[in-house]
Each structure stands twice: as structure tokens, then as C-alpha cells.
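>
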Amino acid sequence: MKRSRILVAGNPNSGKSTLFNALSGLHQKTANFPGVTVESLQSALDFGNGIVADLVDLPGTYSLYPQSEDEKVACREIIQASLDAQGDTLILLVLDASNLFRSMLLISQIRDLNLPMLVVLNKADRVNNPNLKGVIRWFSETIGLIAVAADARKGRGVKEIQRAIRRPIATYTPGNRNPGAPPANQWMQLYNPPMGVFQPRQEEIHRVHSVETVERYSRIAAQLKSCPIHETKAKPALPNAIDKVLLHPFLGYGVFVAVMLLMFQALFAWASYPMDGIESMMLWAADFMQQILQEHHPGWTRFLVRGLMPGISGVLVFVPQIFILFFFLVVLEESGYMSRVSYLMDHGLRSLGLNGKSIVPMIGGFACAVPSITATRNIIAWKERIATIMVLPLMSCSARLPVYALLIQFAVPNGYWLGIFSLQGLTMMGLYLLGVVTAIGSALVMKRWIKPKGPSYFMLEIAPYQWPVSRNLWQIPVRYCVNFVQGAGKVIVLVSVLLWALSSFGPANDVMDTLRGKQDLPPLEQSYAGVLGKALEPAVEPLGFDWKIGIALVTSFAAREVFVGTMATIYGLEGDPDNPQTRKRLKDLMASDYKSITNQPMFDTATVWSLLIFYAFALQCMSTIAVTRTETKSWKWPMIQLVYLTFLAYAGSFLVYNLCLLI
Amino acid sequence: MDCAPAGKPLRVVRLIEGDLSLKLIEMGCLPGQWVEIVHRASGGRALALRVAEYVLALRAEEAKAVLVRWGESPLVAKEFSTLPLPEG
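Chains A and B supply the protein sequences, listed in that same order. Just so we're aligned: the first sequence equals residues 79 to 741 in the working numbering. Just so we're aligned: the second sequence equals residues 165 to 252 in the working numbering.
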């Protein structure tokens, strides 16, 4: 079976990902923000008749001469395709029809590689229709390429493209209508095919390259004289009335804070209704299971009701918050607001040693640090990129949300400030702010000792405002929720089952007898988990934690949210397992636990705050460590990250715990 | 360009060699092209530059690499001949 490749290439923000989504049906995240695709995504297209093509969405690039990491990904794919030269790769070149001039550079470079290429005039709604037909004719007559018009956001032209890419790839080999020899592709000297890497650029190549680019553009300008695209309906992104406010030196920041406040209000106050619903439903299901199974299989009932169910419940309950978080991120990115925020904040972020573009990964860090660290690839300045990666885990990710949500209930009463703002919501926002402030402080320290390397400048395209595509508003959050349940969920359920086993059996117990219900469960303290936790206790005691929290800290190193599942399993095991009266919500179970010496509530203000601070700072995430290693290509940075964040967490918790005790 | 007036048509005279200039040239911000500063932010430390149909955010300090002239300024670049560009 022949497997061809279709590379979706083009300038940043030309609508490649939207078209990729429309063609593949897989809804990869796109945004009205240049540089959202930083890695190439792949999707298999089945054309029937045993023909399968891989559709690859490349990061945007303006030329085949890369400067940033994401551009390197795109250029490597395209250049490699031309070197392989098996004639099974089609370039689907997407361009913004209202920015034809700029797209022509990339087209002319790829054309000179003799790769088959189909041009998509995207955002066709911005150009007058008769002009568009003229442009398509111009492409075939002057450039020797086949072009189709499309409006990927509205799904127009997608059918035509689907038909077009089914044709034999040879159809799209550029016709030889380009008069004169093409200018040399100077950037090819930089590419090292066996290694697949780009060599560092040298000064003389720099100069030669700019001469080549100017030369190409003068040819393009001459060719464009016969192209009827001079009038477009599109208005430039700036100036406009909305930006008078959103980019205002004072109001702009005010709006940003208000948007963030709204997001946190939604995350805490609004999400609580569906969350309560899910929790009650899971309790009801557990009760139901206990009623029908208890008589015949008491041992297994214990496993299901006390081990597995709390784990599943602990995962599902956070789905509403994750949905809301990603909903907000989609709206902010797709509308074009994010690029304004980057522009507005560049100066401030730069004085911290970061970059205006850092704001996107950092807000994304509220969702998850892992994709956000990858998203730093479009920051050209190495120093600013590394600093961003290093402080990113301090942005409170969605995995901390469950932990905060559970613990805040013990630290702050359920009241309202001014009758509108939930106190717990404000505390939550405070914790997020603490993360941000600490990130700023850490960035300032790192600015001093990270050495700059390679090019360093800030440049970002500000796109016109647009309404988010409505299907993205629910499809992207849903996809992330599914990812969370499948990915994190598996880990959490696995850990809670393992934990249940460790805490149900002890050195003095027989496993099978316990399962058959012949033997009672050992007290938690005498189980394997208890023994382990007790061994850990001296290390966490100065922070106000006991051995149960110690177990949770260990298990949540795999992923932070495991903390809640662990607590649910540990506390679910305590009390009389066969008495439904003792099976309460996790919160109530935790509230009824007391410190053994002082007989004070276990989760008193000091311990809870100490725990909150620990979770705000600690790098309890294996995936983050792994992705930092991949992105920085060394173990040095992830190790520094782990050490400094663990130190911050331990010191911070110790300080807060002792301060609380004094008060 | 960092001290050029906002809201006036500016003509790019030349770009001082560097990474940013190279990127700008690749994006079609060439000598001879008309551009316009459409916004200034952060107390003038960042600016939004319109080139043809798109808007770029730049740091004012780094934008110094772009030399422009405006009004009846007699400054004309000798080393770059003006390119025949479509009106933007």
C-alpha cells in the first residue's frame, strides 16, 4: 500500500490548523494566535481504494530559513521531503488571501525545490470574489501552480480541497513557466541532512541570505503586477475602537485583570454546581453497589466501594473545572485577545527576563505545564525561553485545582465578600497569584545567571479580532476533558487501587482471607501504607503533616491530582466499612480526623495552609520533568527546576506552618 | 523608526543587518515599502507596525534597526533601489 504525505505549510496565522481540522475531522487546537502549532501534528486520511495519506500540520513559517525552534520543525520536514524526492509528498500551501505578497516568498522557495504544491487561498471572504478567480488564473498562468479558494473557518472550499488532494500528486508538480533561473537557495547550505539539524548561521550567510530574499521579493513584485488582488475587503487589525480600550496604558491592564478574575470566579463558584452533582451521584452509585453486593461478596464490595469508586469519583469531579478553564483559553486565544496581551505586556515581562510571548505559555500553564513548555518554542530568544520554561511550573495548573478545591474548604469559610465574590474563590485566586508572584521572583533571579545564546528579539503578528469558531468552543474543552479522564484518570485509578491494596493489607494479614471477608481489615496504621507513611513522618512533621499526608505526597509525585484520590482512599478505608452512615463526603471524613497528640483537628488552619503552599510550589509532575528534558535537550535544566522548586515548597511550607502556629 | 511619528505613512529606507531585520525582510517589510506605526504601548517601549495588510508588534529598541523617512525628508537610500511594490 502506498502511503503519501500531505504537508500543510504556510505563514503563521494563515489558517493551517483550521483547515487541517476541517480535513482530518480531528480537532486539534487552533487559535487566532500565531504560533499555536509548535509541533507537527499528523492525521491519517483514508481515500478508499487502499490509498492512505498522512496529513501533517506544520508550524507556521515565513521562509525556509528558520530562526525559532518551531520554524525549524516546519523547515526540516519540507527540506527533507525535497531531498527524499520520491514524489510522494504534496505541499498543501495555505495562505491568507489578504496577505498574498508576504506568502509568495515561501511559495517561491518551495517552488524552487520542485516539490508538488497545491495552493489554498484561505480567508477568501476577505477578498472580492471576481478578484479571487483572477488570482487562481494568475497562479496557474504566471507561477505554474494550481490554486483553490477556501474559507476554512466556515468550511467553504473544504470539499474542493478534499477532491483535489485525492488526485495523483504528480498533477501538482510546478509547471515550468517561471522565466529565468531561480536564485540560489542559500539556506540549503545550513541544513545538515544526515543529522536533520540546522547549523548555526554565520555572518556572511546572513548577508547573502538577505540579498537573496530582496531579490526574490523584487521578482515577486514584478510577477504580482499582473495579479488582480490589490483590493481586499480586509481591514488591518489596528487601529480599531476596541483596542483603544484593550491596549490602553491603564485600562488595558484593568481589562486583563478583570478577565482573569472572571475566569477564576467561573472556575470556583460556577463549577461547584456540576461538581456537587457529580459527587452526589458517585455517592449514590457507591451506596447502590454496596446494597446489592454486600451480602454475597463482602470483601470485593470493600474493594469496589472503598478502593475503586473514590478514585473514579476523584477524577470525574474535576471535569467541569477543566472544561471551563479550556473554554476560557479557547475564547482568549481564538478571539485574538492573547496576541494583544503579549504586545501589551512585553515590556513588563522583558524586565523580568521573560518575553511578551511568554504570556501565552504562562496562561496555558494554568491548564497544564506540559503542552505549555512545548509552546515556548516560538520564543526566539533562548535566554527568555529557558527562563519561561523554568518558572512555568509555578503557574498553578489544573492538576492543582482539585487539591486547592479540597483544602480551601478547611482554610476559609464559605462566605461572600461584598455579597458577590466567594471568599473561597478569592483564596483560590490568591493561590494562583502567589504562584505568579513567585514565578516573577524566580524569573528575576534567573535573569542574572542564564547566558544568552542565538538571536534575541520580539516580533509578533497582531491578528484582527474574530469570533471563535463555535464548534471549537465546546469541542476543544471536551477533548481536553476526555484526555484528562483517560490520561490522568488511568494513573489516579491505578494509584488508588494500589493504595487500597497497600492500606488494606498489612504484614500481619492474609490477603485472601481478607478478600473473602474472613478476616477484618487491619487498622490503617498497621497496613503496609501505614508502615510506609510512618517511616516518612519525620521528614514531613516540621511542615505540620502526618503520615497520611506523607503517603499522599509520595503518590502525588506521579501527578498532583492523585492527592485527592489518595485522601479519598485513605479516609474511605477508615471507620466502619460496613456502616453506610460513616460513608460521607471526603471533606467530612477529613474534618473528623484529629491530631493524635494535641487532639486538635488534623486539618487545622496551619496544616492546611502549609499543605496549600507546598502544592503551590512543588514540582510534583513527572511529565513536566520529561518535557523540560526534551525541550532543553539536557538533564541540567529539569534537575535545576526540580531542586529549586522542591526547596521553595519545603521552605515555604515550613515558614507558613510556623507562622500560623504563632498566630 | 523608534522616534517616527505614529499614524503617518513611513517609507522604509533600509534595515540594519541583524536577526530581526532578516525576519522583517522575509515578511515583506522591504526597503521602499510603505509602513505605518498604528499604536504605541508600554510608554513607547513597544510599537505596533502596519506592513501591507498585517500588523506586527515590535520592541521600540529593536525597531531602531529599521530606518524610515517621512514627510518631505530628503533622506534617500543610495544602496537600495526602491522596489516596484503593490500599494499596501
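Glycine residues also receive a C-beta, built at the ideal position from the N, C-alpha and C atoms. As the structure is a prediction and not an experimental result, all values here were calculated from the model.
1. Going by other Cβ atoms of all chains shown within 10 Å of its Cβ, with 16 needed for buried, is L340/A buried or exposed?
2. Give a yes or no on whether 8 Å exceeds the smallest Cβ distance from D424/A to chain B.
3. Do R83/A and D132/A have their beta-carbon atoms positioned less than 8 Å apart in this structure?
4. Have a look at T644/A and V395/A and give me their C-alpha separation to the nearest angstrom.
5. Under 8 Å between C-beta atoms, does M191/B make it to chain A?
6. Closer than 6 Å by C-beta to A694/A: which residues in its own chain qualify, once you throw out the five before and the five after it? Chain order, please.
7. Just grab the DSSP bridge partners of N200/A for me.
8. Could you check the C-alpha separation between P238/B and G222/A for me, to the nearest Å?
9. When you compare only the Cα positions, how much space is there between K171/A and A248/A?
10. Which residues of the stretch 217-236 of chain B have a Cβ closer than 8 Å to any Cβ of chain A? Give them in chain order.
11. So, at 7 Å on beta carbons, what are the nonlocal neighbours of A465/A in its own chain, with the 5 sequence-adjacent residues on each side left out?
12. Buried or exposed, going by whether 16 or more other CB atoms sit within 10 Å of the CB of N177/A?
13. Would you mind sorting I691/A into buried or exposed? The rule is 16 or more other CB atoms within 10 Å of its CB.
14. Which chain A residues sit within Cβ distance under 7 Å of R209/B?
15. Would A109/A be called buried (16 or more neighbouring beta carbons within 10 Å of its own) or exposed?
16. For P208/A, report the span of its alpha helix (DSSP H) as first-last.
17. Using 10 angstroms around the beta-carbon of T647/A, count the other beta-carbons present and answer buried if the total reaches 16, otherwise exposed.
18. Tell me whether L576/A, by its Cβ, gets closer than 7 Å to a heavy atom of the ligand SAM.
19. In whole angstroms, what separates the C-alpha of Y415/A from that of Y543/A?
20. Closer than 7 Å by C-beta to P398/A: which residues in its own chain qualify, once you throw out the five before and the five after it? Chain order, please.
21. Grab the span of the beta strand (DSSP E) containing S121/A for me, first residue to last.
22. Taking the straight line between their C-alpha atoms, what separation do you get for N318/A and L213/B?
23. Do T706/A and Q719/A have their C-beta atoms closer together than 8 Å?
24. Helix, strand or coil, according to DSSP, for R255/A in the structure here?
25. What are the residues of the stretch 135-154 of chain A that lie near chain B, defined by any Cβ-Cβ distance shorter than 8 Å?
26. Once you ignore the five residues that flank T505/A on each side, which residues in its own chain have a CB closer than 6 Å to its CB?
27. Quick one: residues in its chain with C-beta nearer than 8 Å to the C-beta of Y535/A, no 5 flanking neighbours on either side, listed in chain order?
28. In its own chain, which residues sit with a C-beta less than 8 Å from the C-beta of I451/A, not counting the 5 before and 5 after it?
29. If you measure from the beta carbon of V466/A to each beta carbon in chain B, is any gap under 8 Å?
30. Taking the alpha helix (DSSP H) that D183/B belongs to, which residues open and close that run?
31. Looking only at its own chain, which residues have a Cβ that is under 6 Å from the Cβ of W715/A, when we skip the five neighbours before and after it?
32. Around the Cβ of L194/B, are there at least 16 other Cβ atoms within 10 angstroms (buried) or fewer (exposed)?
33. Select from H287/A, V198/A and I214/A the residue whose C-alpha is nearest the C-alpha of V236/A.
34. If you count every other CB in all the chains shown that lies within 10 Å of the CB of W625/A, and 16 or more means buried, which is it?
35. Using three-state DSSP, classify C699/A as helix, strand or coil.
36. Go to I390/A, then tell me how far its alpha helix (DSSP H) extends in each direction, as first and last residue.
Taking the structure as given:
1. As a first step, residue 340/A must be located in the first sequence, where it is residue number 262. L340/A comes out exposed.
2. Working through the first sequence from its first residue, we reach residue 424/A at position 346. For D424/A, the nearest beta carbon of chain B is closer than 8 Å to its own beta carbon.
3. For the purposes of this step, residue 132/A is identified with residue 54 of the first sequence, where counting begins at 1. For the purposes of this step, residue 83/A is identified with residue 5 of the first sequence, where counting begins at 1. Yes, the Cβ-Cβ distance between D132/A and R83/A is below 8 Å.
4. Here residue 644/A corresponds to residue number 566 of the first sequence, with the count starting at 1. Here residue 395/A corresponds to residue number 317 of the first sequence, with the count starting at 1. If I take the Cα positions, the gap works out to 14 Å.
5. Stepping through the second sequence from its first residue, residue 191/B is reached at position 27. It does: the Cβ of M191/B has a partner Cβ on chain A nearer than 8 Å.
6. Position 616 of the first sequence, counting from 1, holds the residue named residue 694/A. Excluding residues within five positions, the ones whose Cβ falls inside 6 Å are L509, L512 and G513.
7. Here the question's residue 200/A lines up with position 122 in the first sequence. BP columns for N200/A point to D174/A.
8. For this step, residue 238/B is matched to residue 74 along the second sequence. For this step, residue 222/A is matched to residue 144 along the first sequence. Any reading at P238/B needs caution, since the residue's pLDDT is 44, under 50, leaving its predicted position unreliable; the model's value is listed next. Within the model, the alpha-carbon separation for P238/B versus G222/A is close to 42 Å.
9. By 1-based counting over the first sequence, the position of residue 171/A is 93. By 1-based counting over the first sequence, the position of residue 248/A is 170. The identity of residue 171/A in the sequence shown is Leu, whereas the question assumes Lys. Rounded to the nearest whole angstrom, the CA to CA distance from L171/A to A248/A is 16 Å.
10. Here the close residues are E217, Y218, V219, L220, A221, L222, R223 and E226.
11. The residue you call residue 465/A lines up with position 387 of the first sequence. Within the same chain, and ignoring the five residues on either side of A465/A in sequence, the residues whose Cβ sits closer than 7 Å to its Cβ are G431, L432, A521, M524, K525 and I528.
12. The residue you call residue 177/A lines up with position 99 of the first sequence. If you draw a 10 Å sphere on the C-beta of N177/A, you find 16 or more other C-beta atoms in it, and that means buried.
13. Taking the first residue of the first sequence as 1, we reach residue 691/A at position 613. By the 10 Å Cβ count, I691/A comes out buried.
14. In the second sequence, residue 209/B corresponds to position 45, counting from 1. Those are H425, listed as they occur along chain A.
15. The residue you call residue 109/A lines up with position 31 of the first sequence. Because A109/A sits at a pLDDT of 47, beneath the cut-off of 50, its placement in the model cannot be relied upon, and the point is left open.
16. The count along the first sequence starts at 1 and reaches residue 208/A at position 130. N207 to W216 is the extent of the alpha helix (DSSP H) around P208/A.
17. Within the first sequence, numbered from 1, the residue matching residue 647/A stands at position 569. Buried is the label assigned to T647/A, since at least 16 other Cβ atoms lie within 10 Å of its Cβ.
18. The ligand SAM is absent from the structure shown, which contains no ligands of any kind.
19. Locating residue 415/A in the first sequence gives position 337, where the first residue counts as 1. Locating residue 543/A in the first sequence gives position 465, where the first residue counts as 1. Taking the straight line joining both Cα atoms gives about 7 Å.
20. Residue 398/A sits at position 320 when you count from the first residue of the first sequence. The answer, listed in chain order, is A349, P352 and M353.
21. In the first sequence, the residue the question calls residue 121/A occupies position 43. Under the DSSP assignment, S121/A falls in the beta strand (DSSP E) whose first and last residues are L119 to D124.
22. For the purposes of this step, residue 318/A is taken as the residue at position 240 of the first sequence. For the purposes of this step, residue 213/B is taken as the residue at position 49 of the second sequence. Distance from the CA atom of N318/A to the CA atom of L213/B, rounded to whole angstroms, is 14 Å.
23. Looking up residue 706/A in the first sequence gives position 628. Looking up residue 719/A in the first sequence gives position 641. Taking 8 Å as the cut-off, the Cβ atoms of T706/A and Q719/A count as close.
24. Counting from one through the first sequence, the residue named residue 255/A turns up at place 177. Summary for R255/A: the model assigns pLDDT 48, below 50, so the residue's position carries little reliability, and this model does not support an answer.
25. Residues Y140, S141, Y143 and Q145.
26. Here residue 505/A corresponds to residue number 427 of the first sequence, with the count starting at 1. A distance below 6 Å between beta-carbons, with the five flanking residues on each side excluded, links T505/A to the following residues of its chain, in chain order: I486 and V490.
27. One-based indexing of the first sequence puts residue 535/A at position 457. So the list reads I458 and A459, once near-sequence residues are dropped.
28. Residue mapping note: residue 451/A aligns to position 373 of the first sequence, counting from 1. Same-chain partners within the cutoff: P439, I467, L470, T702, V705, T706 and E709.
29. As a position in the first sequence, residue 466/A is number 388, starting the count at 1. Per the sequence shown, residue 466/A should be read as Thr rather than Val. By this cut-off, T466/A is not an interface position.
30. Your numbering for residue 183/B matches position 19 in the second sequence. Counting along the chain, the unbroken alpha helix (DSSP H) around D183/B starts and ends at D183 to E190.
31. Taking the first sequence and counting its residues from 1, one reaches residue 715/A at position 637. Cβ neighbours of W715/A beyond the five flanking positions: T706.
32. Locating residue 194/B in the second sequence gives position 30, where the first residue counts as 1. Burial is judged here by how many other beta carbons sit within 10 angstroms of a residue's own beta carbon; L194/B has at least 16 and is buried.
33. Within the first sequence, numbered from 1, the residue matching residue 236/A stands at position 158. Nearest option by C-alpha distance: V198/A.
34. In the first sequence, residue 625/A corresponds to position 547, counting from 1. With at least 16 other beta carbons inside 10 angstroms of its own, W625/A counts as buried.
35. Locating residue 699/A in the first sequence gives position 621, counting from the first residue. Three-state result, C699/A: strand.
36. For the purposes of this step, residue 390/A is taken as residue 312 along the first sequence, with counting starting at 1. Segment M387 to L394, the alpha helix (DSSP H) holding I390/A.
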